[in-house]
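Working notes for the structure below.
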Amino acid sequence: MTYWTAVATSESELPSVVRIREVGPRDGFQNEPEIIPTELKIELIGALARTGVQRLEVTSFVRADVIPQLADAGEVLEGIDVPDGVSVGVLVPNERGLDAALEHRSKIDEINVFMSASETHNRKNVNRSIEESLAGLEVVLGRAREAGLRCEAVISTSFGCPYEGNVPPDRVLAVAARLRDAGAQEVGFGDTTGMANPIQVRRFFADAIASLGDGVELTAHFHNTRGQGLANVVAALEAGVDSFESSFGELGGCPVPPGATGNIASEDLVSMLHEMGIETGIDLPALLACARRVQEILGRPLGSHTLVAGPVEWGA
Ligand code: ZN
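Sequential numbering of the sequence shown, starting at 440, is according to our numbering.
Put into structure tokens, the structure is as follows:
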């Protein structure tokens with residue numbers, strides 16, 4: 440038990456266990472300019488799958504000319520060795536991506552689809568209107584469910600858009616409801632360019648839980664662009680969220696502007712949660728070993744704080 444227990448006022452209301460999806464091999468790698476050799480991706484995914492993490496997003500079936508880094512999606516899926524009980528997910532942008540993913544059906548447990556809640560961001564990102572994206576994803580989700588895959592839909596710019604500014608929560612939740620009705624068992628809300636603040640996050644998820652109901656898992660995907668990623672996690676926990684996405688080594692995650700950091704680091708998230716008495720099932724030293732290994736492979740210091748400082752040592 441740590442010293443703060445006596446002064447915390449709301450910990451009894453926080454979830455005691457949270458689920459974490461490690462998205463580094465997709466969200467992180469896709470932002471790396473140098474191609475990472477397929478065998479090293481396979482090695483890192485195998486190591487991550489043995490940290491106790493229950494969900495791994497391993498690659499994406501996008502056009503190779505758009506994201507050359509993930510052109511080896513099929514080879515990665517066929518090469519990885521993942522223990523039973525670890526759910527393997529891939530990102531698919533459209534039906535063509537789903538078709539490519541289904542060629543490796545036996546290796547996949549879930550798919551993730553994505554769109555933006557901001558009309559301008561969606562057009563710039565996938566060259567479609569929100570309505571066109573919804574219509575397309577409804578088909579993808581329906582077909583994926585028929586194939587027996589679990590489905591997550593991630594809504595980017597859920598907390599603000601660099602082009603449009605404020606994104607009304609009602610609009611985000613209306614998109615979420617459409618995706619839920621189309622078959623998404625989980626909806627992730629992404630703070631794509633790190634614009635969310637903790638007060639906004641707590642209000643947003645309180646509304647989301649009230650309006651979307653128990654039938655869908657709600658997941659928070661925060662970026663640390665302005666250093667508020669973990670503060671936003673605590674705010675989401677206070678609203679009742681118990682599912683998060685993060686990236687080992689603090690890799691990737693749409694760094695806008697260039698040079699900015701993206702996803703929150705998995706090891707920082709796990710360290711904070713464990714110190715708060717919240718279980719993740721993840722072995723922090725094993726996760727740190729993965730982050731050290733990817734740092735060595737990429738040959739540059741990564742942004743993760745716990746990677747630099749090490750785990751908290753009480754009494755040291
Ligand atoms: Zn991200």
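Even glycine gets a Cβ: it sits at the ideal position worked out from N, Cα and C.
Neighbour-count burial assignment, residue i, 16 or more Cβ in a 10 Å radius
| i | result |
| --- | --- |
| Glu570 | exposed |
| Thr745 | buried |
| Val655 | buried |
| Pro464 | buried |
| Thr700 | buried |
| Asn503 | Before going further, note that residue 503 is Ala rather than Asn in the sequence given. Ala503 is exposed by the Cβ-count criterion. |
| Met551 | Per the sequence shown, residue 551 should be read as Asn rather than Met. It counts as buried. |
| Ala621 | buried |
| Gly720 | exposed |
| Pro608 | buried |
| Ser650 | exposed |
| Thr559 | exposed |
| Ile638 | exposed |
| Asp478 | It is Glu, not Asp, that sits at residue 478 in the sequence shown. Looking at its Cβ environment, which holds fewer than 16 other Cβ atoms inside 10 Å, Glu478 is exposed. |
Residue interval of the beta strand (DSSP E) (run including residue i)
| i | result |
| --- | --- |
| Glu684 | 682-685 |
| Glu495 | Inspection of the sequence shows that residue 495 is occupied by Leu rather than by Glu. Looking at the DSSP string, the run of the beta strand (DSSP E) that includes Leu495 is 494-499. |
| Ile519 | First-last for Ile519: undefined, no H or E at that position. |
| Asn551 | 549-555 |
| Glu529 | The amino acid occupying residue 529 in the given sequence is Val; Glu does not appear at that position. Segment 526-530, the beta strand (DSSP E) holding Val529. |
| Arg460 | 458-461 |
Span separating the alpha-carbon of residue i from that of residue j
| i | j | result |
| --- | --- | --- |
| Val747 | Ser705 | 13 Å |
| Leu737 | Ile481 | 15 Å |
| Val457 | Glu514 | 31 Å |
| Glu577 | Ser499 | 19 Å |
| Leu566 | Val751 | Checking the sequence shown, residue 566 turns out to be Asn, not Leu. Between Asn566 and Val751, the C-alpha separation is close to 45 Å. |
| Leu690 | Gly742 | 8 Å |
| Arg732 | Ser710 | 18 Å |
| Arg665 | Gly629 | 15 Å |
| Gln734 | Leu727 | 10 Å |
| Ala659 | Gly467 | 17 Å |
| Glu517 | Asp722 | 26 Å |
| Asp681 | Val611 | 19 Å |
| Val462 | Gly754 | 33 Å |
| Met715 | Leu495 | 24 Å |
| Glu471 | Gln508 | 7 Å |
| Glu534 | Val606 | 27 Å |
| Ala447 | Asn636 | Confidence in Ala447 is poor, its pLDDT being 43 and thus under 50, which makes the residue's placement too unreliable to answer from. |
| Asp520 | Gln493 | 14 Å |
| Glu718 | Leu712 | 7 Å |
| Phe553 | Val501 | 12 Å |
| Val640 | Phe598 | 8 Å |
Endpoints, alpha helix (DSSP H) assigned at residue i
| i | result |
| --- | --- |
| Asn671 | 668-678 |
| Met711 | 705-714 |
| Ser572 | 569-585 |
| Gly536 | 534-541 |
| Asn564 | 558-565 |
| Lys480 | 477-487 |
| Ile474 | Segment: none, Ile474 is in no alpha helix (DSSP H) and carries neither H nor E. |
| Cys729 | 723-737 |
| Val382 | The question about residue 382 has no answer here: the residues shown for the chain are numbered 440 through 755. |
Minimum C-alpha distance to residue i - residue among the options
| i | options | result |
| --- | --- | --- |
| Val531 | Asp523, Ser572, Glu517 | Ser572 |
| Ala583 | Asn561, Arg617, Leu723, Asp548 | Asp548 |
| Leu541 | Arg489, Asp523, Ala503, Arg589 | Arg589 |
| Ile474 | Arg460, Glu496, Ala592, Ala510 | Ala510 |
| Asn564 | Glu677, Ala699, Cys693 | Cys693 |
| Val593 | Tyr602, Gly587, Arg617, Pro607 | Arg617 |
| Gly749 | Met715, Ser557, Asp707 | Asp707 |
| Asn702 | Ser685, Pro637, Pro740, Ala556 | Ser685 |
| Gln454 | Ala678, Gln624, Cys729 | Here residue 454 turns out to be Pro, not Gln, going by the sequence shown. Checking every option, the nearest Cα to that of Pro454 belongs to Ala678. |
| Lys546 | Gly587, Gln508, Leu651 | Gly587 |
| Leu483 | Glu718, Gly688, Met715, Pro697 | Gly688 |
| Ser595 | Gln624, Ala574, Ala623, Ser557 | Ser557 |
| Gly604 | Val673, Pro724, Asp653, Thr631 | Thr631 |
| Arg544 | Glu591, Glu585, Asn533, Phe661 | Glu585 |
| Ile459 | Arg739, Pro697, Val672 | Val672 |
| Ala670 | Gly536, Gln493, Gly633, Ser568 | Gly633 |
| Ala539 | Ala512, Ser555, Ser526 | Ala512 |
| Asn663 | Ala615, Ala725, Pro696, Val505 | Pro696 |
| Cys600 | Phe643, Ser555, Ile506 | Ser555 |
| Phe661 | Ala675, Gly652, Asp653 | Ala675 |
| field | Entirely enclosed beta strand (DSSP E) segments - the segment 588-672, minimum 3 residues | value | 589-595, 625-629, 656-660
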